[in-house]
DNA sequence: AGATCGGCAGGACAAATGTCATGGGTGCCG
DNA sequence: CGGCACCCATGACATTTGTCCTGCCGATCT
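Protein chains in written order, with the numbering used here: chain B, 2 to 211; chain C, 2 to 211.
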């Protein structure tokens with residue numbers, strides 16, 4: 002609660018990452034920095050907001066693929082309920098669509114795990130200084146991808162069609178008629194410019210439309 | 002250079018991991034241990050053997066999903082060409098089939114990235130002491146899965162059917178007739194006890210049959 | 001030599017999938 | 001109010017996919 006000059010106390014960081022080894026390694030790594038302190042670590046998306054409310058971090062470092070709640074959804078919720086906390090997304094996949102959705106969710110930065118570790122602490126400091134940290138190449142790709150042309154239902158059906166689920170399966174899960182499911186699927190295939198569900202799902206994921 | 006008690010020199014470790022952040026963090030982490038020295042880091046599977054030949058590590062810490070050559074294939078090659086080097090597999094996915102194939106490839110240990118970081122250094126020491134390090138629950142699952150009933154061609158066709166490739170696509174890639182492709186696919190679906198290619202591929206992957 | 005297994009292919013058939021046209025219902029916006 | 005987009009549903013249709021049966025070839029084992 003005592004904030005005075007630029008950097009009175011170390012940056013308080015919340016770390017959300019499901020892989021134990023990665024989480025531990027990152028925490029150790031960040032802990033070695035003079036001006037950074039990892040105040041909370043969580044392994045599931047639905048623990049993020051609670052942890053942020055109790056530990057009041059300056060920055061939340063969020064993975065996207067998390068059990069419970071996606072890091073992107075958690076980011077959106079953080080913006081509302083813990084406004085003082087900036088969000089830095091740290092993810093395996095540099096999909097253009099992820100970046101788009103991260104920005105929509107109010108993230109202040111977007112890092113891929115491919116980069117060197119040294120980038121991380123720097124990105125945290127830059128985000129805290131008010132900068133928006135994004136890989137320029139990725140930003141370009143995200144812009145060229147455009148917004149999603151898929152309707153909500155088309156998304157649902159596409160998602161439910163993963164892993165070899167049949168039309169009947171999807172219809173049962175979503176309480177739709179089989180005809181309707183096929184219609185949505187056909188629409189999604191058309192909009193993605195692909196030849197079948199599998200390709201459509203792949204394309205939609207790639208562009209962040211699901 | 003300074004020899005003390007148990008070991009004359011620190012354990013020489015080769016680290017193969019494609020995610021830069023993970024690789025860097027692990028290297029830093031292991032480097033902090035007194036008795037461990039990371040002598041080489043590579044990001045691609047096809048660099049592993051070369052690096053091992055030049056740096057002569059005691060242990061190779063290998064991810065499975067790597068560009069170029071899979072960590073499992075690299076492990077098999079290491080056993081042949083760098084016999085003094087033990088292999089410890091470190092992977093995201095605790096699929097039973099991965100474990101099976103790792104053991105077939107002559108790995109001395111199998112760790113999942115989910116576990117705590119502290120496990121890692123301990124596992125390295127235990128492997129070096131001659132132990133075989135495997136998660137017991139995973140070992141049980143691997144045994145219950147049984148060996149692959151799929152023939153070589155059935156595997157090929159299944160793999161080529163990923164991501165929505167059509168029968169015609171697969172036939173073209175593998176230089177087969179469409180009838181033949183459908184026959185293999187049908188056989189694979191039957192042997193996996195599934196309903197279509199997508200499920201068959203999923204099941205086969207899960208059990209390590211591809 | 002005969003039996004067996006795997007690779008390869010063709011045909012015939014049923015089931016699942018994808019396409020299209022059509023229509024009704026809702027809510028939103030100009 | 002009239003469009004407009006989205007949701008949901010039918011029915012008809014072409015295409016793709018999955019199943020089954022048959023057959024040929026070569027390698028391997030007994």
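Glycine included, every Cβ here is placed at the ideal spot set by N, Cα and C.
Please list, in chain order, all residues of the same chain as residue 71/C whose beta carbon is under 7 Å from its beta carbon, the five residues on each side excluded. 46, 65
Could you have a look at residue 92/B and say whether DSSP puts it in helix, strand or coil? In the three-state reduction of the DSSP assignment, residue 92/B falls in the strand class.
Give the DSSP-derived three-state secondary structure of residue 78/B in the structure shown. helix
Report the partner residues of residue 63/C according to the DSSP bridge assignment. 17/C, 90/C
Give the range of the alpha helix (DSSP H) segment to which residue 129/B is assigned. 119-129
Which residue marks the beginning of the beta strand (DSSP E) containing residue 113/C, and which one marks its end? Counted as a single uninterrupted DSSP element, the beta strand (DSSP E) harbouring residue 113/C occupies residues 110-113.
Can you list, in chain order, the residues of its chain with a C-beta nearer than 6 Å to that of residue 156/B? Leave out the 5 residues immediately preceding and following it. 211
Is the number of C-beta pairs between the segment 161-171 of chain C and the segment 130-150 of chain C that are closer than 8 Å three or more? Touching, no.
Under 8 Å between beta-carbons, which chain B residues line up against residue 164/C? List them in chain order, please. When 8 Å is used as the limit between beta carbons, residue 164/C is near these residues of chain B: 199, 200, 203, in chain order.
Burial state of residue 194/B, where buried means 16 or more other Cβ atoms lie within 10 Å: exposed
Does DSSP put residue 45/B in a helix, in a strand, or in coil? In this structure, residue 45/B counts as coil in the three-state DSSP scheme.
Spatially closest choice to residue 87/B from 152/B, 55/B, 27/B, 110/B, by CA coordinates: 110/B
So which residues of chain B does residue 167/C contact, with C-beta pairs closer than 8 Å? 196, 197
Using a Cβ-Cβ cut-off of 8 Å, state whether residue 193/B counts as contacting chain C. Chain C places no beta carbon closer than 8 Å to that of residue 193/B, leaving this residue out of the contacts.
To the nearest angstrom, report how far apart residue 79/B and residue 118/C are at their CA atoms. 28 Å
Exposed unless 16 or more other CB atoms sit within 10 angstroms - verdict on residue 23/C: buried
Reference residue 147/B; option with closest CA among 17/B, 97/B, 130/B, 122/B: 97/B
Find out if the Cβ-Cβ distance for the pair residue 62/C, residue 14/C is shorter than 8 Å. yes
Taking Cβ-Cβ distances below 7 Å as the criterion, which residues of the segment 19-42 of chain B are in contact with chain C? 20, 21, 22, 23, 25, 26, 27, 29, 30
Rounding to the nearest angstrom, what Cα-Cα distance links residue 59/B and residue 29/C in this structure? 25 Å
If you count every other CB in all the chains shown that lies within 10 Å of the CB of residue 17/C, and 16 or more means buried, which is it? buried
Residue 122/B and residue 37/B - do their beta-carbons sit closer together than 8 Å? yes
What do you get for residue 187/B, buried or exposed, if any count of 16 or more other CB atoms within 10 angstroms of its CB means buried? Under this definition residue 187/B is an exposed residue.
Is residue 35/B helix, strand or coil by DSSP? coil
Can you name the start and end residues of the alpha helix (DSSP H) that residue 160/C belongs to? Start and end: 153-161.
Taking residue 90/C as the reference, give the member of 67/C, 190/C, 158/C with the closest Cα. 67/C
Relative to the alpha-carbon of residue 149/B, which residue among 19/B, 164/B, 192/B has its alpha-carbon at the smallest distance? 192/B
If you reduce the DSSP assignment to three classes, tell me which class residue 12/C lands in. strand
Do residue 49/B and residue 40/B have their C-beta atoms within less than 8 Å of each other? no
Residue burial classification, residue 208/B (beta-carbon count within 10 angstroms, cutoff 16): buried
Give the interface partners of residue 97/C over in chain B, defined as CB-CB distance under 7 Å, in chain order. Those do not exist, as residue 97/C stays about 18 Å from chain B at its closest Cβ, beyond 7 Å.
Can you pull the chain B neighbours of residue 121/C, defined as C-beta to C-beta under 8 Å? 22
Scan the segment 82-94 of chain B for residues whose Cβ lies nearer than 9 Å to a Cβ of chain C and list them as they occur along the chain. 91, 93
Taking only three categories from DSSP, how would you classify residue 2/C? Residue placement at residue 2/C is poorly supported in this model, since its pLDDT is 48, which falls under 50; the coordinates are not used for a value here.
Quick one, are the C-beta atoms of residue 165/B and residue 199/C less than 8 Å apart? yes
Under 8 Å, do residue 175/C and residue 161/C count as touching if we go by C-beta distance? yes
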